[in-house]
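According to our numbering, the sequence shown is numbered sequentially starting from 89.
Here a beta-carbon is modelled for each residue, glycine too, at the ideal position from N, C-alpha and C.
One structure is given here, and the rest of the page talks about it.
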Amino acid sequence: MKTYSVDINGVQRDLPIVEVAPGVSVALFNMLGDTDVTEAAGEGLAQRLPAEVDVLVTPEVKALPLAHVISRVTGKPYIVIRKTQKPYMVDPIVREVISITTGKPQVLVLDGFDVAKIRGKKVAIVDDVVSSGGTLKSLTDIIEEVGGEVAAVVAVFTEGAERPEVISLGHLPLFD
Ligand SMILES: O=P(O)(O)OC[C@H]1O[C@H](OP(=O)(O)OP(=O)(O)O)[C@H](O)[C@@H]1O
Ligand SMILES: Nc1ncnc2[nH]cnc12
């Protein structure tokens, strides 16, 4: 399998290049279960997080351990936006999302219990990769709908298009 070499805040990995849609392949970055990469990425992004940020918001699932590390290092709380609506949620806010890796509609769900933790707050969106921007757009819509302000977007990698507004540790190309 072809791979693409990356350096994540001093940790090297060879990412497998996998096809996610006809004619579109990505260097797949999956931190789940990779403690060294998660710690290195979280430390690096925590150092770059603007001081004004009150709270972190992250989508499940691959970015979740990253948000945990940034929270531990900075002391700022984090909220997880789920991809399944659960019966135990109260007045959930639901938005459709399509990411490059999934290719079909999913949902992003904010539990109503967490609304008060975002309203009136300066929010940093935490993700592992920002690619098409679909996930970022839906997260931003939810945060703004409940009265939060997106003050920063942090991600380990941007992918495809340049995104100067995203605080990242690196950039991934897309592959034919
Ligand atoms: O900029 P975009 O094109 O929206 O892609 C970025 C999103 O895609 C991935 O999530 P994925 O859909 O693979 O979900 P998962 O983390 O639950 O596996 C990644 O974790 C980002 O959240
Ligand atoms: N290269 C990538 N690896 C993992 N998740 C992604 N989401 C979008 N691009 C991705």
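Beta-carbon gap between residue i and residue j smaller than 8 Å
i, j, result
"T126", "V157", "yes"
"V178", "F201", "yes"
"L144", "Y176", "no"
"R212", "V242", "Checking the sequence shown, residue 212 turns out to be Ala, not Arg. Yes, the Cβ-Cβ distance between A212 and V242 is below 8 Å."
"A155", "V214", "yes"
"G222", "V185", "yes"
Residue from the options with nearest C-alpha to residue i
i, options, result
"V99", "G132, V234 and E184", "G132"
"M89", "R136, V242, S256 and L116", "L116"
"I230", "T146, L120, P252 and L152", "T146"
"A139", "V161, L154 and G121", "V161"
"F263", "V195, N97, V108 and E184", "V108"
"T172", "V195, S159, A155 and T190", "V195"
"I96", "E253, G191 and F245", "F245"
"V112", "G222, K164, D215 and T190", "T190"
"K209", "I186, A240, D122 and N118", "A240"
"D216", "K225, G258, A249 and E250", "G258"
Beta-bridge pairing of residue i - partner residues as DSSP gives them
i, result
"P110", "Answer is none; P110 lacks a bridge partner."
"R170", "V197"
"V94", "R101"
"H259", "T246"
Residues near residue i in its chain [Cβ-Cβ closer than 6 Å; skip 5 each side]
i, result
"S220", "I188"
"D124", "V99"
"R170", "E148 and V197"
"D102", "T91 and S93"
Sequence-distant residues of its chain with Cβ nearer than 8 Å to residue i (five each side left out)
i, result
"V234", "I181, L198, V203, I206 and R207"
"L120", "V149, K150 and P153"
"T228", "I213 and V238"
"S159", "L144, P165 and Y166"
Cβ distance (whole Å) where residue i is taken to contact residue j below 8 Å
i, j, result
"R114", "E253", "The question names Arg, yet the displayed sequence has Val at residue 114. Between E253 and V114 the Cβ distance is about 21 Å, and since that is not below 8 Å, they are no contact."
"D142", "K164", "7 Å"
Test: residue i CB closer than 8 Å to a CB of chain D
i, result
"A128", "Absent here is chain D; the protein component of the structure consists of one chain."
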